[in-house]
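The block underneath contains the structure these notes are about, expressed in structure tokens.
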Amino acid sequence: MRGFRKASHDIRVYGGPQKADYVKISNFDIYNSAPAAIGLGGGVYHSSIMNGTIIGKNGTVGIGSPNNQTTIVGVEAAGYKISAQLAGREYSTIPTRVKGGFMGGNTSGSALHEASAILGSTGDNIAKGPANVLLGVRGGSTTEGSRQALIAVNNCHTKGDGNSRAILAAQGVINDNGYSVRGGYGTGTASTKNTRWELDSTGGHIRGTGRVESVSDFKDFAEYFESADGKKIDSSYLVALEGEKIRKAEKGDKILGVVSETAGVVLGGAAFYWNEQYERNEFGGLVYETVFRGGEEIRLPKLNPEYDPSLEYVPRDSRDEWHVIGLIGQVFVRIDETVAVGDSVSAIGGIATKAESGGYGTVMRIKSPYDAGKGYGVAQMIVTPQH
25 MRGFRKASHD IRVYGGPQKA DYVKISNFDI YNSAPAAIGL GGGVYHSSIM NGTIIGKNGT
85 VGIGSPNNQT TIVGVEAAGY KISAQLAGRE YSTIPTRVKG GFMGGNTSGS ALHEASAILG
145 STGDNIAKGP ANVLLGVRGG STTEGSRQAL IAVNNCHTKG DGNSRAILAA QGVINDNGYS
205 VRGGYGTGTA STKNTRWELD STGGHIRGTG RVESVSDFKD FAEYFESADG KKIDSSYLVA
265 LEGEKIRKAE KGDKILGVVS ETAGVVLGGA AFYWNEQYER NEFGGLVYET VFRGGEEIRL
325 PKLNPEYDPS LEYVPRDSRD EWHVIGLIGQ VFVRIDETVA VGDSVSAIGG IATKAESGGY
385 GTVMRIKSPY DAGKGYGVAQ MIVTPQH
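For what it's worth, the working numbering labels the leading residue of the sequence shown as 25, then goes sequentially.
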């Protein structure tokens with residue numbers, strides 16, 4: 025098709041009361057013709073554009089539609105300011121869009137819902153609900169409910185009406201818990217009992233049946249504490265409590281821990297939101313409430329009425345007054361010239377000095393000897409709080 029330089033479109037499918045629909049445009053070439061190649065009107069929901077080339081000369085739009093309902097496959101465009109404009113969004117290349125349940129690279133299976141897909145899978149797998157996707161699955165795996173995903177699994181299933189469930193890298197696992205991701209392994213009939221780990225999005229819980237293992241050289245267990253004067257305390261100083269806050273430890277103090285850069289486990293970070301965003305009971309536990317959203321019942325932490333979402337929140341790890349304090353394990357500590365391997369210590373100005381009796385921790389090795397110019401050396405110690 026060419027030569028329609030004075031027309032607004034090369035092909036125009038009108039909408040409105042006298043609309044056309046179920047129009048198929050296929051096996052076409054449009055060359056140096058109208059400013060806009062193909063235009064679809066409002067209310068056109070069941071048309072398809074397939075296997076074509078659109079080459080314009082200072083053209084405006086290759087394919088234009090006020091909605092995203094058109095099936096588009098195998099169409100290329102060049103020479104247009106906008107290759108495609110669909111539902112108000114501009115595309116630099118014409119997208120591929122296929123309506124209905126989609127299946128690709130499969131030996132069998134069924135994508136039953138129009139908004140479901142199965143890709144790269146073998147066996148009689150079934151995607152039953154809306155926004156269901158199965159990727160790299162086998163063994164008759166199935167999904168039901170809304171917003172479900174199975175990835176790299178065998179004989180796994182989401183069960184019930186709960187929303188937002190996924191199973192990853194698993195065999196024989198059932199996920200019946202909404203807003204969660206599960207993995208695991210089991211032979212025979214699929215079961216929730218084969219679950220080995222779970223991520224719970226509503227409560228922020230992580231559960232697992234195996235050990236939690238650090239593969240780094242970080243060796244202490246730590247918590248966040250706030251400094252009493254609101255100022256930063258540098259690494260490897262010993263600290264003591266002042267009420268619920270901390271300061272550099274002095275002679276006679278019970279030493280809590282050390283400002284640590286080597287913590288393998290850190291608690292109390294409040295990285296995602298203000299620590300008082302949700303209500304708590306008198307024992308510090310979160311207060312929960314049941315809410316109804318989108319037709320489903322969800323149990324969520326109850327918001328603190330004093331919480332103001334318009335205020336910007338800065339995480340504790342970005343604030344000078346908050347410190348990671350190593351409590352238990354191996355830590356690096358600033359020392360004076362009196363400290364030797366095997367000693368326990370007390371503190372003067374946060375720097376460790378040899379304790380005469382009842383000291384804190386045990387020195388394992390001297391990493392850096394005392395330097396008078398710096399005013400400290402560094403020792404590796406094994407510690408627990410003096411509380």
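Ideal Cβ placement from N, Cα and C applies to all residues, glycine included.
- For residue 368, the closest alpha carbon among the candidates 401, 350, 343, 407 is that of 407.
- Our two residues, residue 67 and residue 40, have alpha carbons roughly 6 angstroms apart in a direct line.
- Each of 189, 346, 304 was checked against the Cα of residue 294, and the nearest Cα belongs to 346.
- Where residue 203 is concerned, there is no enclosing beta strand (DSSP E), because DSSP gives it neither an H nor an E.
- Residue 51 counts as exposed, since fewer than 16 other C-beta atoms from the protein chains shown sit within 10 angstroms of its C-beta.
- Rounded to whole angstroms, residue 140 and residue 64 show a C-alpha spacing of 26 angstroms.
- Our two residues, residue 373 and residue 299, have alpha carbons roughly 30 angstroms apart in a direct line.
- The alpha-carbon of residue 183 is positioned some 31 angstroms away from that of residue 302.
- For residue 240 against residue 319, the beta-carbon gap comes to about 45 angstroms, at or over 8 angstroms, which does not count as contact.
- Between the beta-carbon of residue 169 and that of residue 118 there is about 33 angstroms, and that puts the pair past the 8 angstroms contact cut.
- Taken in chain order, the complete alpha helix (DSSP H) segments of 4 or more residues contained in the stretch 267-314 number zero; there are none.
- By the Cβ-count criterion, residue 370 is buried, with 16 or more other Cβ atoms from all chains shown falling within 10 Å of its own Cβ.
- Within its own chain, the residues whose Cβ lies closer than 7 angstroms to the Cβ of residue 285, once the five positions on either side in sequence are excluded, are 259, listed in chain order.
- Counting along the chain, residue 75 sits inside the beta strand (DSSP E) bounded by residues 72-89.
- Taking C-beta atoms as the reference points, residue 200 and residue 212 fail to come closer than 8 angstroms.
- One alpha carbon belongs to residue 246, the other to residue 290, and they sit about 5 angstroms apart.
- Taking every protein chain shown into account, the CB of residue 272 has 16 or more other CB atoms within 10 angstroms, so this residue is buried.
- Here the stretch 330-340 makes no contact with the stretch 379-392; the two share fewer than three CB pairs at distances below 8 angstroms.
- Rounded to whole angstroms, the gap between the alpha carbons of residue 401 and residue 230 is 40 angstroms.
- Secondary structure at residue 343: coil, using DSSP grouped into helix, strand and coil.
- Setting aside the 5 residues that flank it on each side, residue 278 is surrounded in the same chain by 264, 265, 409, 410, 411, each with a C-beta closer than 8 angstroms to its C-beta; the list follows chain order.
- A Cβ-Cβ contact shorter than 8 angstroms links residue 311 with residue 326.
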